[in-house]
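Written below as structure tokens is the structure these notes are about.
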Amino acid sequence: MKKLIICEKPKVAKKIGEALGKVKKRSYRGVPYYEVERDGEKIVVASAVGHLFTLEEDKRGKKFGEYPVFHVKWVPAWMVKGREYVKKYIETLKKLSRDVDEIYIATDWDIEGELIGFHALYYICGRRNAKRMRFSSLTREEILRAYKNPDSIDYGLVGAGESRHKLDWYYGINVSRALMQSLKAVNRWRTMSTGRVQGPALAFLVERELEIRNFKSRKYWVIEGLLEGDVKAIHSREKFWDEGEAKEVYNRIKGIGEGRVLRVLRRERSIRPLPPFDLGTLQREAYRIYKLSPKETQEIAQRLYEKGYCSYPRTSSQRLPDNWKYLGNILRKIGEIEEYRGYVERILREGRRPVKGKKEDPAHPAIHVVDVPEEPLTPKEEKIYHLIARRTLGVFWEDMRREYIEVDLEIGGELFKVSGARTLKRGWHEIYYFTEFEEKEIPNFRRGDVVRVKEIVLEERKTKPPKRYTMASIIKELERRRLGTKSTRAEIVEKLIKRGYVLEERGYLRVTNLGMAVIETLKRYCPEIVEEGMTRDMEDKLEKVQRGEVKKEDILKEAEERLRRILLEVKRREMEIGRELISRMEEDKASTRCPICGGSLVVRRSRYGEFLGCSQYPRCRYIQRE
DNA sequence: GCAAGGTC
140 MKKLIICEKP
150 KVAKKIGEAL
160 GKVKKRSYRG
170 VPYYEVERDG
180 EKIVVASAVG
190 HLFTLEEDKR
200 GKKFGEYPVF
210 HVKWVPAWMV
220 KGREYVKKYI
230 ETLKKLSRDV
240 DEIYIATDWD
250 IEGELIGFHA
260 LYYICGRRNA
270 KRMRFSSLTR
280 EEILRAYKNP
290 DSIDYGLVGA
300 GESRHKLDWY
310 YGINVSRALM
320 QSLKAVNRWR
330 TMSTGRVQGP
340 ALAFLVEREL
350 EIRNFKSRKY
360 WVIEGLLEGD
370 VKAIHSREKF
380 WDEGEAKEVY
390 NRIKGIGEGR
400 VLRVLRRERS
410 IRPLPPFDLG
420 TLQREAYRIY
430 KLSPKETQEI
440 AQRLYEKGYC
450 SYPRTSSQRL
460 PDNWKYLGNI
470 LRKIGEIEEY
480 RGYVERILRE
490 GRRPVKGKKE
500 DPAHPAIHVV
510 DVPEEPLTPK
520 EEKIYHLIAR
530 RTLGVFWEDM
540 RREYIEVDLE
550 IGGELFKVSG
560 ARTLKRGWHE
570 IYYFTEFEEK
580 EIPNFRRGDV
590 VRVKEIVLEE
600 RKTKPPKRYT
610 MASIIKELER
620 RRLGTKSTRA
630 EIVEKLIKRG
640 YVLEERGYLR
650 VTNLGMAVIE
660 TLKRYCPEIV
670 EEGMTRDMED
680 KLEKVQRGEV
690 KKEDILKEAE
700 ERLRRILLEV
710 KRREMEIGRE
720 LISRMEEDKA
730 STRCPICGGS
740 LVVRRSRYGE
750 FLGCSQYPRC
760 RYIQRE
């Protein structure tokens, strides 16, 4: 009996192999796989590298840029630029599956995992049936349990997965093309895109942009009492919206030189260590502390993972593995680093347990360091590594103790407040010192004390518009709105920037006029693509497909018909839309400009086909090559 | 060339 186990990624193949027994590592065309003997059977554990197949348009008889298009098929992903490496994985699976009696699918337990596994089985191994290992963590016990009690493939889930890809393709490709063809209709060109995630993401950036544009600042007044020793007391009303009222209070008390302490409230608070990193939190912290973009942080974390220094980065878990032996080993390793030794020794000696965060991920634990770098890291890798290391260690450490003091003060019959805060014990903050806590010492007020008031100040202030999103805050917002996945959010944001819909300006994301125009156009013609409800709606439909309540062909057909109607209308108005987009784009002086002379780029035709050239030809002979 | 999703 010979068995083949197909995993989602190489690292998991290794883990599963090792859980099943003593492995022999082999490789074919540079792709590793693992052989194990178990109960007299030979087991080969190999893997995919995520999706091995991708959707491609059936271009027969189609012109470039034509829409609508709905005829797509699955093709090997190595046919796509930049993904050539997929080929050797497909070839390896093909070779290994030739003489096996039984196949186990051991991809991640989710919609994409089911599809990845089925595609490998169907297109590479030429089978429809296999056993299915489902595990929610990669511990030895869990892997063995999944191996001994295999499930079967959930074809409903496979159908839902296929539908997810196709729906995203239908909407994304067609509406993107409609935008581009609208430009082309007025003889201009520019890469444009939108989709189920990009659309709503840009839409809520636009929403914030409009809030800022339409913001009317309001005046308000604050009254402060300056006390001895540079202490500020603030009138308990905080904001006076009425100038007359503020002045009345101010005039009444401005000459008063004394105040009386009514109440002193001291509260001690314990602050638990910040939980271990999920990807989103790591991205936010790396941006906040080092100004690394979420995409770069993700790439660095991926490299640290590949080098074996950190755990799997694409996780939404905030919990370390629940395995003391494993954690102990890791801690001992981190303890080899001089600056961490003292902490590690105490954690081990006292058997300290890590705190957990709220978020969980069935497939992976929180991001943690797993080893000490042997080779020197780049400066940025160094930063991320130690950020993760300190976070990991801090999770085991003691609570921080803080004291917050609130003082109520009476000045001329008005209530004022003074607040102070200080750290009593740093605890975990000693290790993970990247968060700042305000230290605001105030005198030791006691109830009944009479305090000298040096001056009463009346200040006019203005309300401020809401802040724009940053690279970091938008990732969190996407997460909150359940748009995109932990793996794709950073890329989505970069894409909006690349398209010229959004600019990063002094650290803040500002929507360009083009970005605004794209959303306005989409809202007018196909509002569903800018509504985040579309994701929710799609998920509902996919669940029905999975449960077998609806046929995938039906929901695909429905989407197709709907899009055909919408796109027909868009096509009829291409020139109008194109003109609108162009005029808004010009306001941005965006990169439709010729980089040589500043003229605009226009579509030109030669006997070799169409190309983009400078409008100033023949004065300027610039041609854009892509 | 356009999406979104997996992974190196």
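Numbering of the first sequence is given in the numbering used here, commencing with residue 140 and proceeding in unit increments. Here a beta-carbon is modelled for each residue, glycine too, at the ideal position from N, C-alpha and C.
Return the first residue and the last residue of the alpha helix (DSSP H) that residue i is part of.
i    : result
M655 : N652 to Y664
T193 : Run containing T193: none in the alpha helix (DSSP H); it sits in the beta strand (DSSP E), F192 to E196.
A185 : From DSSP, A185 is part of no alpha helix (DSSP H) but of the beta strand (DSSP E) over E180 to S186.
A259 : Looking at the DSSP string, A259 is not in any alpha helix (DSSP H), and its letter there is neither H nor E.
T531 : P518 to G533
L421 : L418 to Y429
L443 : P433 to E445
G499 : The question names Gly, yet the displayed sequence has Glu at residue 499. Counting along the chain, E499 falls outside any alpha helix (DSSP H), and DSSP gives it neither H nor E.
L642 : Segment V641 to E644 is the beta strand (DSSP E) holding L642; no alpha helix (DSSP H) there.
R279 : R279 to K287
K220 : K220 -> no alpha helix (DSSP H), and no H or E assigned at all.
What residues in its chain sit with their C-beta under 6 Å from that of residue i, if we drop five residues either side in the sequence?
i    : result
S186 : C146, K148, P149 and A152
A629 : P433, K434 and Q437
E223 : W217
G364 : A372, I550, F555, V592 and I595
V184 : I144, A152, I155, G156 and Y173
S356 : K601 and T602
L194 : V211, H304 and W308
T660 : I716
P493 : L459, V534 and F535
V175 : G156, L159, G160, V162 and I182
Locate the beta strand (DSSP E) running through residue i, then write down its first and last residues.
i    : result
L232 : Element bounds for L232: not the beta strand (DSSP E) but the alpha helix (DSSP H), V225 to S236.
D676 : Counting along the chain, D676 falls outside any beta strand (DSSP E), though it belongs to the alpha helix (DSSP H) covering G672 to R686.
W213 : V211 to P215
D727 : Here D727 belongs to no beta strand (DSSP E); instead the alpha helix (DSSP H) covers E713 to D727.
I242 : E241 to A245
A560 : E553 to K564
E545 : M539 to I550
P171 : V170 to R177
R165 : V162 to Y167
Measuring straight from C-alpha to C-alpha, what distance separates residue i and residue j?
i    : j    : result
P512 : A528 : 12 Å
R758 : W328 : 20 Å
F192 : Y261 : 11 Å
F584 : F555 : 14 Å
M417 : E713 : According to the sequence displayed, residue 417 carries Asp and not Met. Their Cα atoms are separated by approximately 44 Å.
S730 : C665 : Residue placement at S730 is poorly supported in this model, since its pLDDT is 44, which falls under 50; the coordinates are not used for a value here.
L421 : R619 : 16 Å
R649 : M655 : 10 Å
Y572 : D461 : 25 Å
L232 : C264 : 8 Å
T624 : G368 : 52 Å
G394 : A560 : 30 Å
R540 : I581 : 18 Å
Y286 : M677 : 33 Å
W360 : S558 : 20 Å
E667 : L283 : 45 Å
L653 : N326 : 17 Å
E346 : N353 : 11 Å
I428 : K201 : 50 Å
Whose C-beta lies closer than 8 Å to the C-beta of residue i among residues of the same chain, with five residues either side of it excluded?
i    : result
R480 : G474
I486 : L470, L532, F535 and W536
V657 : L318, M331, T333, L341, Y640 and L720
E196 : V208, H210, V211 and I312
I351 : P604, P605 and R607
V483 : L470, R471, I473, G474 and L532
For residue i, which residues of its own chain have a beta-carbon under 7 Å away from its beta-carbon, when the five flanking residues on both sides are left out?
i    : result
S302 : L681, V684, K691, I694 and L695
Q441 : P452
I439 : K519, E520 and I523
R391 : G551
E157 : none
R405 : E542 and I544
Taking residue i and residue j to be in contact with their CB atoms under 8 Å, please state how far apart those CB atoms are, rounded to whole angstroms.
i    : j    : result
V297 : E253 : 5 Å
I614 : G419 : 6 Å
I636 : E643 : 6 Å
V400 : V590 : 6 Å
Contained alpha helix (DSSP H) runs [length at least 4] in the segment 323-401, N- to C-terminal order
Listed in chain order, they are 337-352 and 382-392.
Along the chain, which unbroken stretches of the beta strand (DSSP E) at least 3 residues long are found entirely within the segment 590-622?
Taking only runs of at least 3 residues, no beta strand (DSSP E) segment lies wholly in the segment 590-622.
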